[in-house]
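There are 2 protein chains.
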Amino acid sequence: MKKYFGILRKCSLFDQIEDQHLIAMLSCLGARRAEFDKKYTIFAEGSPARYFGILLSGSAQIIRHDYYGNRSIVSGVVPGELFGEAFACAGEQTLPVSVVANEPCEVLLVDSTHVLHTCSNGCEFHRRMIYNLMRDMARKNIMVYSKLEITGKRSTREKILAYLAHMEQQTGKAEFDIPFDRQELADYLEVDRSGLSAEISKLKREGIIDCRKNHFVLL
Amino acid sequence: MKKYFGILRKCSLFDQIEDQHLIAMLSCLGARRAEFDKKYTIFAEGSPARYFGILLSGSAQIIRHDYYGNRSIVSGVVPGELFGEAFACAGEQTLPVSVVANEPCEVLLVDSTHVLHTCSNGCEFHRRMIYNLMRDMARKNIMVYSKLEITGKRSTREKILAYLAHMEQQTGKAEFDIPFDRQELADYLEVDRSGLSAEISKLKREGIIDCRKNHFVLL
DNA sequence: TAAAGTCTGTTGAATTTTCAACAAAAGGAG
DNA sequence: CTCCTTTTGTTGAAAATTCAACAGACTTTA
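Line by line, the protein sequences are chains G and L.
Yeah, the first sequence ends on 282 if you go by my numbering, and it's all consecutive.
Yeah, the second sequence ends on 282 if you go by my numbering, and it's all consecutive.
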């Protein structure tokens with residue numbers, strides 16, 4: 064498990080918890096490692112939400128399908144991030160979303176009840192971890208609000224610009240890669256793919272942005 | 064403060080905490096009561112997010128304005144609910160939204176740092192409260208996901224139906240009042256008001272729903 | 001390297017949404 | 001009760017989005 068310490072140290076759940084305690088905690092949490100190939104479903108919509116995940120490597124997406132099979136991408140997941148924790152912590156819920164591997168993934172599955180209730184060993188790091196988990200959820204909350212702000216825009220153009228502005232703010236740079244291809248970006252922004260492509264071309268012609276594939280520059 | 068016990072008992076933050084401990088806790092939290100008239104801003108977008116609120120009476124809305132002043136309603140707040148807690152718990156944030164009184168309101172303002180850090184009295188109910196707060200945030204998270212699902216629909220018609228289905232599920236009844244007037248519903252669903260009215264009329268003509276003002280029936 | 005498959009940009013037509021303006025209905029104030 | 005204000009429904013025109021179809025660019029696989 065030691066090979067994952069680099070990632071786990073960056074995971075907000077273990078903030079200010081030292082390596083020496085990590086191993087004990089992981090077993091205490093009943094954490095187990097799992098692998099998923101590209102396109103595989105890590106968590107399936109509708110299944111019980113007892114476990115949450117920590118992405119160790121690869122990348123994943125949180126998605127939802129409506130009655131007609133239209134895909135909507137809620138967010139991407141990068142290594143070190145938690146996923147599904149809100150559903151696990153709310154209790155008595157089934158998952159309203161799926162989590163799908165975007166490329167081969169390694170994940171750590173954690174039983175949420177082990178986090179929420181102090182372990183029988185009475186280890187004192189639980190308190191820290193619960194605090195960390197709370198802050199993580201607060202931040203996730205804010206992230207979802209951001210998405211609401213982006214997809215709440217009325218036009219495709221405004222959605223694109225709001226998304227790019229958000230990425231600029233998050234990376235601190237006017238030049239960055241986005242984690243989506245065109246279809247995925249469309250599914251994230253809740254717009255039509257061809258309309259999205261057309262609008263991106265227009266923004267390029269107007270000299271507002273530049274991009275090549277998934278690399279964008281704000282001018 | 065005793066007159067508010069009825070409401071506070073329903074507040075998720077105080078789940079399983081008995082009345083006798085409540086008074087001590089409230090002072091321990093540095094909670095203070097405040098009143099706001101209709102249309103008054105309880106929390107302003109951009110201001111520091113140190114306090115969160117508990118609505119004691121009245122009703123409020125969490126809203127956001129974009130550059131052009133377009134209003135977007137993120138959610139409504141009813142008595143007993145917390146608001147602003149995610150922003151306060153994420154730390155180092157300013158509010159990305161405003162909270163506005165929809166009618167005369169009484170609120171309890173709570174200093175988030177008092178909740179997150181065990182009080183000097185070392186009262187044991189903090190643990191329970193932190194647990195409650197975490198579950199509250201997890202649920203809020205899920206609520207925002209629901210909103211994302213509703214507003215993520217591509218057409219006005221689908222948004223209306225998704226919203227009404229959500230209300231039906233939440234109330235458990237096919238007949239209910241919605242907490243919005245037409246303009247507010249439009250701002251919540253992120254659509255044009257006149258288009259919304261037109262679509263509601265159409266749904267009525269088609270015999271899919273019935274409504275009078277803000278009372279809706281799913282047929 | 002060639003072939004097959006996927007992703008992206010373009011286009012035009014059909015559909016929808018937005019916008020602006022107005023009139024009817026409902027609610028509130030005096 | 002009447003006047004005034006706010007809310008709601010309707011309409012038509014303008015603008016934007018979606019849809020379907022296709023061609024070229026890029027990837028992957030055999």
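A virtual CB, placed ideally from N, CA and C, is assigned to each residue, including glycine.
Query raised in the report: What three-state label does DSSP hand residue 94(G) in the structure shown?
Result: coil
Requested in this report: Tell me residue 169(L)'s beta-bridge partners as DSSP assigns them.
Outcome: 98(L) and 120(L)
Query raised in the report: DSSP state of residue 164(G), grouped into three classes?
Result: strand
Report task. Could you tell me if residue 111(L) is buried or exposed, where buried requires 16 or more neighbouring beta carbons within 10 angstroms of its beta carbon? Result -> exposed
Requested in this report: Taking all protein chains shown into account, decide if residue 278(G) is buried (16 or more other Cβ within 10 angstroms of its Cβ) or exposed.
Outcome: exposed
Query raised in the report: Among residues of its own chain, excluding the 5 on either side of residue 183(L), which ones have a beta-carbon nearer than 7 Å to its beta-carbon?
Result: Low confidence applies here, because residue 183(L) scores a pLDDT of 49, under 50, leaving its location unreliable; read the following figure in that light. Around residue 183(L): no qualifying Cβ.
**Report entry** Presumed contact (8 Å Cβ cut-off) between residue 259(L) and residue 272(L), rounded CB distance
**Finding:** Not quite, the Cβ-Cβ distance comes to about 13 Å (not below 8 Å), so this is no contact.
Query raised in the report: Can a CB atom of chain G be found closer than 8 Å to the CB of residue 135(L)?
Result: yes
Report task. With DSSP as the reference, label residue 269(G) as helix, strand or coil. Result -> coil
Query raised in the report: residue 212(L) versus chain G: which residues are under 7 Å apart at the beta carbon?
Result: 127
**Report entry** DSSP-derived helix/strand/coil call for residue 152(L)
**Finding:** helix
Query raised in the report: Of all the CB atoms in chain G, is at least one closer than 8 Å to the CB of residue 195(L)?
Result: no
Query raised in the report: Taking the continuous alpha helix (DSSP H) assigned at residue 191(L), which residues delimit it?
Result: 188-214
Report task. Please name the residue in 105(L), 122(L) and 158(L) whose C-alpha comes closest to that of residue 142(L). Result -> 122(L)
Query raised in the report: For the candidate residues 266(L), 216(L), 232(L) and 248(L), whose alpha-carbon lies nearest to that of residue 131(G)?
Result: 216(L)
Requested in this report: Just grab the DSSP bridge partners of residue 274(G) for me.
Outcome: 279(G)
Report task. Report the neighbours of residue 70(L) on chain G: residues whose CB is nearer than 9 Å to its CB, in chain order. Result -> By Cβ distance, chain G contributes nothing, its closest Cβ being about 22 Å from residue 70(L), past 9 Å.
Query raised in the report: How many Å lie between residue 152(G) and residue 267(G) at the Cα?
Result: 44 Å
Query raised in the report: Within 8 Å (strictly less), CB to CB, does residue 88(L) reach chain G?
Result: no
Query raised in the report: Between 144(G), 176(G) and 129(G), which lies nearest to residue 250(G) when the distance is taken from Cα to Cα?
Result: 129(G)
Query raised in the report: Mind pulling the chain L residues with CB within less than 8 Å of residue 207(G)?
Result: 204, 207, 208 and 211
Report task. Quick one: grab the DSSP three-state call for residue 175(G). Result -> helix
Requested in this report: Tell me, to the nearest whole angstrom, how far the beta carbon of residue 126(G) is from that of residue 90(G); I am working on the premise that it is less than 8 Å.
Outcome: At roughly 32 Å, the Cβ-Cβ gap does not stay under 8 Å, so residue 126(G) and residue 90(G) are not in contact.
Query raised in the report: Since residue 285(L) and residue 199(L) are thought to touch, with beta carbons under 8 Å apart, how far apart are those beta carbons, to the nearest angstrom?
Result: One cannot answer for residue 285(L) here, as it falls past the ends of chain L, which runs 64 to 282.
Query raised in the report: Which residues in the same chain have their Cβ closer than 7 Å to the Cβ of residue 71(G), if we skip the five residues on either side of it in sequence?
Result: 77 and 85
Query raised in the report: In three-state DSSP terms, what is residue 226(L)?
Result: helix
Query raised in the report: Would you report the Cα separation of residue 253(G) and residue 263(G), rounded to the nearest angstrom?
Result: 15 Å
Report task. Mind reading off the beta-carbon distance from residue 105(L) to residue 116(L)? Whole number of angstroms is fine, and I expect it under 8 Å. Result -> 6 Å
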